[in-house]
Structures are given as C-alpha cells and as structure tokens.
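Take a look at the structure set out below.
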Amino acid sequence: MLSLKNITKKFDGRLAVDGISFEVETGETLVLLGTSGCGKTTTLRMINRLEEPDSGDILLDGKSVKDFDVQELRRGMGYVLQNHGLFPHYTVAENIATVPNLMNWDKKKILNEMESLFEKLNLDPTIRDKFPEQLSGGQKQRVGLARALITQPAVLLMDEPFGALDSITRISIRKELKGLADFQEKTIVMVTHDVQEAFDMADRICVMDQGRIMQLGTPESLLFDSSNAFVKQFLKDQRLQLELKTVKIDELKSVLPVEWYMNSGFKSGQSVWEVLEDSLASGDATIPDPGMLMKGFFSFKK
Amino acid sequence: MNEEQSFWEFIHEQSGKLLDQTWAHIGLTFISLILALVIALPLGVFIARKQKLAGAVLGFAGILQTIPSIALLGIMIPFLGIGPKPAILALFLYALLPIIRNTYTGITEVDRTVKDAAKGMGMSDWQILTKVELPLAFPVLMAGIRTAAVINIGVATLAAYIAAGGLGEFIFGGIALNNRNMILAGAVPAAMLAIVFDFLLSQLQKLNLKKINIFGLLLPLVLILCCSFYVLPTKIGGRMLAGFTPEFMGRSDGFLGLQQKYNFKMETVVISDAVMYKAAFEKDLDVIDGYSTDGRLKAYDLVTLIDDKGIFPPYYAAPLVRRSTLVAHPELTAVLNQLSGTINDSVMTSLNYRVDNLKESPELVAKNFLQEKGLFKRDRLGKGATIRIGSKIFGEQYILAQMYRFLIIGNTDLSVETKTGLGGTKICFDALTNNQIDFYPEYTGTALLVLLKSDAKVIDQLKGEKDAVYKYVKDKMRNDLQLEWLKPIGFNNAYALMMRREQAQSLRIKTISDLTNHLK
Numbered sequence: 001m002l003s004l005k006n007i008t009k010k011f012d013g014r015l016a017v018d019g020i021s022f023e024v025e026t027g028e029t030l031v032l033l034g035t036s037g038c039g040k041t042t043t044l045r046m047i048n049r050l051e052e053p054d055s056g057d058i059l060l061d062g063k064s065v066k067d068f069d070v071q072e073l074r075r076g077m078g079y080v081l082q083n084h085g086l087f088p089h090y091t092v093a094e095n096i097a098t099v100p101n102l103m104n105w106d107k108k109k110i111l112n113e114m115e116s117l118f119e120k121l122n123l124d125p126t127i128r129d130k131f132p133e134q135l136s137g138g139q140k141q142r143v144g145l146a147r148a149l150i151t152q153p154a155v156l157l158m159d160e161p162f163g164a165l166d167s168i169t170r171i172s173i174r175k176e177l178k179g180l181a182d183f184q185e186k187t188i189v190m191v192t193h194d195v196q197e198a199f200d201m202a203d204r205i206c207v208m209d210q211g212r213i214m215q216l217g218t219p220e221s222l223l224f225d226s227s228n229a230f231v232k233q234f235l236k237d238q239r240l241q242l243e244l245k246t247v248k249i250d251e252l253k254s255v256l257p258v259e260w261y262m263n264s265g266f267k268s269g270q271s272v273w274e275v276l277e278d279s280l281a282s283g284d285a286t287i288p289d290p291g292m293l294m295k296g297f298f299s300f301k302k
Numbered sequence: 001m002n003e004e005q006s007f008w009e010f011i012h013e014q015s016g017k018l019l020d021q022t023w024a025h026i027g028l029t030f031i032s033l034i035l036a037l038v039i040a041l042p043l044g045v046f047i048a049r050k051q052k053l054a055g056a057v058l059g060f061a062g063i064l065q066t067i068p069s070i071a072l073l074g075i076m077i078p079f080l081g082i083g084p085k086p087a088i089l090a091l092f093l094y095a096l097l098p099i100i101r102n103t104y105t106g107i108t109e110v111d112r113t114v115k116d117a118a119k120g121m122g123m124s125d126w127q128i129l130t131k132v133e134l135p136l137a138f139p140v141l142m143a144g145i146r147t148a149a150v151i152n153i154g155v156a157t158l159a160a161y162i163a164a165g166g167l168g169e170f171i172f173g174g175i176a177l178n179n180r181n182m183i184l185a186g187a188v189p190a191a192m193l194a195i196v197f198d199f200l201l202s203q204l205q206k207l208n209l210k211k212i213n214i215f216g217l218l219l220p221l222v223l224i225l226c227c228s229f230y231v232l233p234t235k236i237g238g239r240m241l242a243g244f245t246p247e248f249m250g251r252s253d254g255f256l257g258l259q260q261k262y263n264f265k266m267e268t269v270v271i272s273d274a275v276m277y278k279a280a281f282e283k284d285l286d287v288i289d290g291y292s293t294d295g296r297l298k299a300y301d302l303v304t305l306i307d308d309k310g311i312f313p314p315y316y317a318a319p320l321v322r323r324s325t326l327v328a329h330p331e332l333t334a335v336l337n338q339l340s341g342t343i344n345d346s347v348m349t350s351l352n353y354r355v356d357n358l359k360e361s362p363e364l365v366a367k368n369f370l371q372e373k374g375l376f377k378r379d380r381l382g383k384g385a386t387i388r389i390g391s392k393i394f395g396e397q398y399i400l401a402q403m404y405r406f407l408i409i410g411n412t413d414l415s416v417e418t419k420t421g422l423g424g425t426k427i428c429f430d431a432l433t434n435n436q437i438d439f440y441p442e443y444t445g446t447a448l449l450v451l452l453k454s455d456a457k458v459i460d461q462l463k464g465e466k467d468a469v470y471k472y473v474k475d476k477m478r479n480d481l482q483l484e485w486l487k488p489i490g491f492n493n494a495y496a497l498m499m500r501r502e503q504a505q506s507l508r509i510k511t512i513s514d515l516t517n518h519l520k
C-alpha cells in the first residue's frame, strides 16, 4: 500500500503541490487526472523520489520512502515515461534489460522474462536488436512498458504513458494492458490529462487542479456524486459517453422490461456503452432495441 | 651553385633525423593530449553538473587559448627551463578548451527525458554518467579531442623553439636557411600526422562504447603516455649541453662545420634564438651559438670562443640594394655610404645592448648615434619617391634600418617607408628580388652561403678573407641578380660559440679547440 501524507512541493517559490494526501491500495489503479501544470506529474515523481517533497511524507507499505536506499526504491518501482524515454544508444533488448542488469540478474533469467514479456505485450521478436529510432511509436511505448515490467515490481508509476500515441494505437494498448494479469495485480499510479483514458484505466480517479485534490473517488462517484464545480466542468464535454461506459447493464435490470432483458443477448458485466456498440455493429437495431435501452438508462439515472 | 637537391634525396639523407623529430613530435602531442584529457574530461563533467561554474571555467580556458603560442612558451622558461616540460605544459593548456567545452556541451545536450529515465530506473550518478551521458556525448566529446589533437600537432612545431625537438626543427631551420626541402621535410610529415591522427580518432569514434569501461580505456592511455616519454629528447644530467638555433644546425659554417673541422661531439639541442641566451644564463645550456655583436653578450655576461680553425666566415654588414633603385635615385649611393666605417664590433654590440636589453627604441638609438657622429640632419620633409627599407627581425637590423631612414630623409627629398621585421633571411631577400623593398642590410657571409648557396670549392678558395668574400658576392649578385652591394659598415657580425664567462674561466676554455679538448 502506498500512502501520501500532506505532501507539499514548491518550485521557485510557487506551490506546485499543495497539501496532497491519498492512499493507493495494493493492486489498485489510481489515476491522477488534470490539466497541464496541475501538479500531477510532480506528485508522481515524488513517489520514486525524482523530486523530494518540501513537507509531508510518502509511505510504502508503512515505511517512509526516505528510509529506502533511493536506487533500491526506484529499481523496485516500474517507471513508464511520456515519450518512452528509451536509451537511444541501447538496443530494444538492452533497454528492457536495464534494471535487471543493474540488479545483476542472471543472463538466462533476463532472457526468459524478456521472451514472455514480448509475447504478453505483442512485441515482434525481430525488433530485439533494433535501436529505438527504428521502431514505430506504439512499439517504443510497448518497449517502455516491458522495461518497467520486467522485474515485476509491486508498484508501477506511469507518466502519460500513451500521450505520444495516435488514438487507435492508444486504445489497443490500453485494452491489452488491462487484460494482463501482471498488470491487474500491481499497485499503479498513472498520470494523464485524458478523461476517457482515466475512466478507462482507473479503479479510482484523483482530479487535481492547482496543486490540490478536487475530488478523489471511483469513476461512478465522480459522475454521479460530484458536488465539486471544477470536476463537473472538467467532465462536462464527455459526460454522456462516460456515464454510458460507467454504468453496467446489470444495473438497469430493475428499470428495463423483462422480455427486453431476456431477448437482448448481452453479457453480464458489459457497460451500457458496450451493449449499444454491439447492437449497432450487429446491424439489427431492434434486438436489443437501443431506444428502449436509452430510456431505461435515463430512468435509472433519476 | 649546388645542383638543387630533390625533396626525396633530402628526406633520404636526413631520414634518421626526420624519424627522431617525428617521434618527438608524436610524443609531445600524445603526452599533452592525454594529460589534457585527464584534466579536461572530469572538469567538463563537473561543470555540466554545476552549471553556475561553467561560464567561469570555459572563459578561463578560452583566455588560455588566446595567448600566442610563442609568448606562452616564453613565459614558462623561467619556471620550467627549456626542453619538453614547458612545451608539454603549453600544449596541454591549448588542448584544454576544446575538450572541456565539448564534454560540457555533449553532456548538457543529452535529452532530459533520457536522463530522467536513467534516474528513474535506479541508476547511480556514476552509472548515469558512464552508461548514459558519456556514451551519448561521445561523438561530441571525440570531436573536441580531434580538434585538440590537430591544434597540438600544429603548435608542437613551435616546441623546436625551446629545445623540445619535433618537426619544427626542420621547418624553422628551413625557413632560416632558405631551404625549401628542409621546410617541406618538416611541414609535410606534420600535416600528415594531423591527418593520420584525425583519421585514427575518427575510427575510435565509431567504437561501440555503450558499455564504457573506464579502466579498459585508461590502460592503453597510460601505456601510450609511458611510450611517449620514451621518445622525447632528454637532457643527460651532469654533462655539458649545447643549444643551437635551427639555422645554425643546418649551416655548413655552423654545426656541420663544427662537426667536420673540430670533431665537435657535445650533447646538442635545437632552440630558438629568442630564448637561447636566457637559457645559457640560467645554466640550462652551457654552449650556444650567437652573433658576435649581440647585445645580450653584454647583458648575460657571456664570452665568445675564438674560432681557431676558422670555420665561421666573415659577416660584414652592408646595404644590399636593387640596381634599379640606384639608377632611379643616384644620390642614394653617397648617402647610404655615409655609415661606412663608423661602426665596429664593440660599438655595434653596445648599440644592440641598448635596444635588446635596455629596451630603448631602435629609432632613438639610431638618432643618438648619428648625432654623436655628426651625421644627423633634420628631416627635409621631401615629397619625392618612396624608398622602402627592409630589415630582418632582430634589433641590429632595426637600428640600421632607422639610421638609413634618418640619412635619407635628412639628406635627400626622398621619402621612406620601413618594412621592418621581415622574418628570416629568405623572407627579406625574396622581398628584395620581388621589388617589395628597395634595400636592406645584409651580411657577406650570409650572402655567400645562404643566398648564393656557393659550393665548397668557392668557399675554400675565398679562405674566409673579408675582402675576397665581399668582392665575390658583390660581383656575383651584380651579374646574376641586378643587386648592388654598397660599402661595408665596418662591423663583423659573425657566428661565434659562447659560454658563460665564469664557466669558461673556471674550465680555462678560450677557443673552440679548448672546448672540444675539454669534452674528451
């Protein structure tokens, strides 16, 4: 478990992070969401001590990060950077093996881990000896992920990990990641300015503005339980889509006609959005009737 | 005249010397470069970490770079004496800036994200430096080292000025002796060294230094450093050491004559005339060559050794004038001849002493002398044609040029332009034959041996007799080159070997033969 206690950080006298506290449960994914300059990246960088807080403390499993050897601490946390941050003079394999080499892993062990990561992350094995500049954007970001995951750290820090990718690549990598067992078990703190991405990845979302937390909660609570004007404004443009993605079809059971519910053929656990997408994709717009589904969705909201 | 020797013949004949000089040149360059690397590389890394200091450090190294090489060498003589030590220090200082600057630039230009990633992966500062920053800065760093190497090969030619050897011995000897083959024998290998070094370093640049191993790199450096010291000329302690100018080394009436006629076998280094006297005074050297009228004889309390076997021909000074100038301005002959017979050896020595050691201006010394002799007349501010007076680059020539200037502007309506400091004999003489100057003071011996390159038979016939030599060069130049010798001024500025008075007396050395006997 990771907990931040009243963290403050100033740059040149200006408050970048102003009294932030939160906890991330083991295995949970917490997304720091906000516009640029809101302090989310600084908050992330204080966790692996790339920045040191001016006041407050950060605890990893109850022990202050200050009490760790800083290099040990960092090696124990996977770190994925915006624009991948790959070493241009290292091959793909050497990049991925960076941390294991620092930890003096056995060569065989490194090779085995690398092989399985190539498979999990859908990386073409022929790029192993290529240099980063020879890779596509998606490949670079996957290599960056592999580099962070190879030592199977308990904590993973991701700073705008998909920021430099086109939207199609971004969505497909996100899907793959979410499906990975390795990924689901980890304690993850991720920074993004992309609302869809935050809702897609997060167990809980922490919305930040001007160094402070505006609201911290599950995606549902942000959408349906928000009293915060900033959060409302922040989500306004994408609210409908976010709500449709957040509400599960099972939740509409009480407001939909029984025969619709029986005939529609959805899978339990799907979001309303997914059921709508499936019905549009099937070409038969009557089963399940999207109009009925939307009607049910709106009466559920009331 | 001698048949012109071909370049290859020269190289072949001098191959032993050439090889020595080349090795010394490589040694000087390598040692200074490696020392510079050892200091500049960490310094570059340091200022990349502490950027506030970068301006000051780079500025200081920049200032070092702007000090003229000869001045820098000169400054070091009192502290380090002569020989390889001051030369290496000077070269070391010149190599600092390019290496510091390129190390600094290379490291600061490494992408921030990449440094962040390295830190975030848990690399230590040393690992970030050696695994990420230095490998990524390596091309820029190597460019700096290549620049420093090429600069050093160039500047190392000047090492010959302070008895540190190197290819400069041929280059400066060649310039002084008007010997093109000798100049090329030094310049071509120096240029080739620069090209070869640059090429080898460019190959090194292609090495994969990803897994940079500091000790693997240091080992060959240390080996090269040790080897380099081995090839440098070393002074052997306890024995007497001679220092001769590059010109003297190559002249038949200089070092070659000493070897032939006196069987001279002293430990010898090559050194510039500018620092030679001082080095003798400081006891870095025991025997030097010099000119018998040099003011520094007096200043440093040196004595000339008697040339008992007569190898140094007479060097009587007289104006050497273009005939076309004398035809156009017939009044000039009488005016210039006014100086004839007025200056003997000791007078010239003390005039030189005033300029070289008391730092009086040549103009003032010339004026005072003419006033004393009643030859000074007020400037007639003539608007006539301009006479261009040349001079070589030492005090005596400056004084004579000024005397001639006063005589011309005081006695004729001609105006005068002085082009003083025309380097060595060759530069002056070329300026005269190419009609860039009208006359300059030349010495009969120099004309006989250097300008006319007379063969041994002629020289033997003349037997070093003052009048015979004068008549020979006068006739020869009149017929072959349309140049006229006016009357000799009177003094004989011949070559001489010199020693500290106190040492010469204690060893009872009066003649060159005494010296060679003492060495046995």
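Listed in order, the protein sequences are those of chains S and C. So for the first sequence, the UniProt record's numbering puts the first residue at 1; every next one is plus one. So for the second sequence, the UniProt record's numbering puts the first residue at 1; every next one is plus one. Yeah, the Cβ is synthetic: ideal placement off N, Cα and C, and Gly gets one too. The structure presented is a predicted model; accordingly, all values stated were derived computationally and were not measured.
A residue is called buried when at least 16 other Cβ atoms come within 10 angstroms of its Cβ; C:Q402 meets this threshold and is buried. Nearest to C:N368 by alpha-carbon distance, out of C:N357, C:G390, C:I399, C:L381, is C:I399.
When the beta-carbon positions are compared, C:I311 and C:L258 come within less than 8 Å of each other. If one requires a minimum length of 3 residues, the beta strand (DSSP E) runs lying completely within the region 400-476 of chain C are 415-419, 439-443, in chain order. The beta carbon of C:N152 is closer than 7 Å to those of T29, S32, L33, L91, Y94, A95 in its chain, skipping five residues each way along the sequence.
The alpha-carbon separation between C:T105 and S:A181 amounts to approximately 45 Å. For the region 73-85 of chain S, the residues whose beta carbon sits under 7 Å from a beta carbon of chain C are, in order, R74, R75, Y79, L81, N83, G85. In this structure the region 112-126 of chain S does not lie against the region 60-72 of chain S, because fewer than three pairs of beta carbons, one per stretch, are closer than 8 Å. Interface annotation for the region 85-108 of chain S against chain C: G85, L86, F87, P88, H89, Y90, E94, T98, V99, L102, criterion Cβ-Cβ distance under 8 Å.
Between the alpha carbons of C:L370 and C:F376 lies a distance of about 5 Å. Interface annotation, S:Q139: not in contact with chain C, CB-CB separation never under 8 Å. Runs of the alpha helix (DSSP H) lying entirely within the region 237-278 of chain S and spanning at least 4 residues, in chain order: 239-246, 258-263. Sequence-distant Cβ neighbours of S:T192 in its own chain, meaning closer than 7 Å and more than five residues away, are V31, L33, E160, A198.
Here C:W126 carries a helix assignment [DSSP, helix/strand/coil]. Within the model, the alpha-carbon separation for C:I128 versus C:I99 is close to 20 Å. A straight line joining the alpha-carbon of C:Y470 with that of C:Q14 spans about 32 Å. Here the region 227-234 of chain S does not lie against the region 245-259 of chain S, with fewer than 3 beta-carbon pairs under 8 Å apart. Comparing C-alpha distances from C:L19 to each of C:L193, C:V155, C:P86, C:K85 shows the shortest one belongs to C:L193. Beta-bridge partners of C:F92 (DSSP): none assigned. In this structure, C:N344 lies away from C:E396, with their beta-carbon atoms at least 8 Å apart. Under the three-state reduction of DSSP output, S:S226 falls in the coil class, being neither helix nor strand.
A distance below 8 Å separates the beta carbons of S:F162 and S:R174.
C:K373 and C:E331 have their C-alpha atoms spaced approximately 21 Å apart. Where S:N6 is concerned, the enclosing beta strand (DSSP E) starts and stops at 2-11. Using a Cβ-Cβ cut-off of 8 Å, S:Q71 is close to G122, M123, S124 of chain C, given in chain order. Proximity of C:A117 to chain S, defined by a Cβ-Cβ separation below 8 Å, is satisfied.
For C:R322, the enclosing beta strand (DSSP E) has its first and last residue at 317-322. Excluding residues up to 5 positions away in sequence, K373 lie with their Cβ nearer than 6 Å to the Cβ of C:T342 in the same chain. Of all C-beta pairs linking the region 50-62 of chain S to the region 9-26 of chain S, three or more are shorter than 8 Å, placing the two stretches in contact. In the three-state DSSP reduction, C:V110 falls in the coil class, being neither helix nor strand.
For a cut-off of 8 Å, the C-beta gap from C:G290 to C:M498 is around 5 Å, short enough to register as a contact.
Across the set S:V189, S:Q141, S:S172, the C-alpha of S:V189 shows the shortest separation from the C-alpha of S:M158.
For C:A156, there is no enclosing alpha helix (DSSP H), since its DSSP letter is neither H nor E. DSSP places S:D54 in no alpha helix (DSSP H); its state is neither H nor E. Annotated three-state conformation of S:S221 is helix, per DSSP.
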